[in-house]
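Structure, as structure tokens:
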Amino acid sequence: MTAKSSRAPGAHNAKVMNRFELTRRLVAQLKRDEAVIGGIGNANFDLWASGQRPQNFYMLGSMGLAIPIALGVAIAQPQRHVIALEGDGSLLMQLGCLATVAERSPKNLTIVVWDNGIYQITGSQPTASAAVADLVAIARGAGIANSAWAADEADFDRLAASALKGEGPSLIAARIDSKPAVATTDRDPVQIRERFMRGLGVRG
Ligand SMILES: Cc1ncc(C[n+]2csc(CCOP(=O)(O)OP(=O)(O)O)c2C)c(N)n1
8 MTAKSSRAPG AHNAKVMNRF ELTRRLVAQL KRDEAVIGGI GNANFDLWAS
58 GQRPQNFYML GSMGLAIPIA LGVAIAQPQR HVIALEGDGS LLMQLGCLAT
108 VAERSPKNLT IVVWDNGIYQ ITGSQPTASA AVADLVAIAR GAGIANSAWA
158 ADEADFDRLA ASALKGEGPS LIAARIDSKP AVATTDRDPV QIRERFMRGL
208 GVRG
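So the mapping is simple: the working numbering equals the position in the sequence shown, first residue as 1, plus 7.
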């Protein structure tokens with residue numbers, strides 16, 4: 008077996024699921040005020056398609072910023088639960104944020120990693136997580152003890168429900184297929200920022 012076709016040990020038993028399906032399941036568990044930060048590309052496209060909310064922030068253009076932005080919101084607004092949705096390629100570009108999350112340890116932060124093993128939106132080049140890098144093991148090693156692979160959809164629901172109770176920080180990694188996102192976010196950064204700030208109650 009080549010390195011490319013194998014998988015990091017922790018991910019072997021995880022079912023390959025669909026990002027939009029899981030995004031909808033996650034959004035269905037939200038009560039009202041949770042902030043959700045969608046990472047560049049498919050993560051925020053499927054968040055957009057799952058129903059727009061003023062508490063959603065759609066990251067355009069920069070890889071690896073969903074988790075740092077979510078961490079900042081979680082620290083600024085400790086009463087609000089904050090969720091970051093990030094692709095494996097983007098997380099791999101910004102691994103240091105995991106150690107920062109662990110060190111600050113906000114109870115109200117949940118990280119969801121969509122691991123399709125590729126940089127899908129730029130042409131499906133393979134990521135290191137397709138071969139050797141186990142993102143859950145990395146997160147645990149960084150100090151986020153509450154990190155797990157979702158075995159299947161029901162397990163994802165259970166992990167999300169547990170994470171939303173606020174005993175975080177938590178990280179849920181899901182292996183996903185390479186189906187394209189179902190919609191495209193409007194590329195209007197100013198509007199996205201203004202709406203999010205109103206959604207967080209920090210802009211009148
Ligand atoms: C710093 C930086 N490098 C490269 C790019 C180009 N780029 C945009 S999205 C992307 C791939 C993202 O991969 P991943 O996070 O795994 O999400 P997927 O496309 O697989 O859903 C790349 C390489 C960029 N926008 N920013």
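From the three backbone atoms N, C-alpha and C, an ideal C-beta is built for every residue, glycine too.
| If we ignore side chains and look at the alpha-carbon of each, how far apart do Gly48 and Leu67 end up? | One C-alpha to the other measures close to 7 Å.
| task | Assign Gly46 to buried or exposed, taking buried as 16 or more other Cβ atoms, counted over all protein chains shown, within 10 Å of its Cβ. | result | Buried, by the Cβ-count rule.
| query | Where does Pro196 sit, in a helix, a strand or coil, going by DSSP? | reply | In the three-state reduction of the DSSP assignment, Pro196 falls in the helix class.
| task | Pick out whichever of Glu160, Ser131, Ala144 and Val119 has its Cα sitting closest to the Cα of Lys22. | result | Taking only the C-alpha atoms, the option nearest Lys22 is Glu160.
| query | Less than 8 Å separating the beta-carbons of Val120 and Leu178? | reply | Yes; because the gap between Cβ atoms is below 8 Å, this pair is in contact.
| task | Buried or exposed for Ile213, please, with buried defined as at least 16 other CB atoms from any protein chain shown within 10 angstroms of its CB. | result | Only positions 8 to 211 of the chain appear in this structure, which leaves residue 213 out of reach.
| said: Which of the three DSSP states is assigned to Ser177 in this structure? | reply: Three-state DSSP puts Ser177 in a strand.
| query | Looking only at its own chain, which residues have a Cβ that is under 6 Å from the Cβ of Gln101, when we skip the five neighbours before and after it? | reply | So the list reads Gly71, once near-sequence residues are dropped.
| How about the region 31-47 and the region 144-155: do they share at least three Cβ pairs that are nearer than 8 Å? | Verdict: no, contact absent.
| task | Can you say whether Pro113 is buried or exposed, counting buried as having 16 or more other CB atoms within 10 angstroms of its CB? | result | By the Cβ-count criterion, Pro113 is buried, with 16 or more other Cβ atoms from all chains shown falling within 10 Å of its own Cβ.
| task | Locate the beta strand (DSSP E) running through Ala155, then write down its first and last residues. | result | Per DSSP, Ala155 belongs to the beta strand (DSSP E) from Asn153 to Trp156.
| Length of the line joining the Cα atoms of Phe203 and Phe64 | When rounded, the separation of the alpha-carbon atoms in Phe203 and Phe64 is 6 Å.
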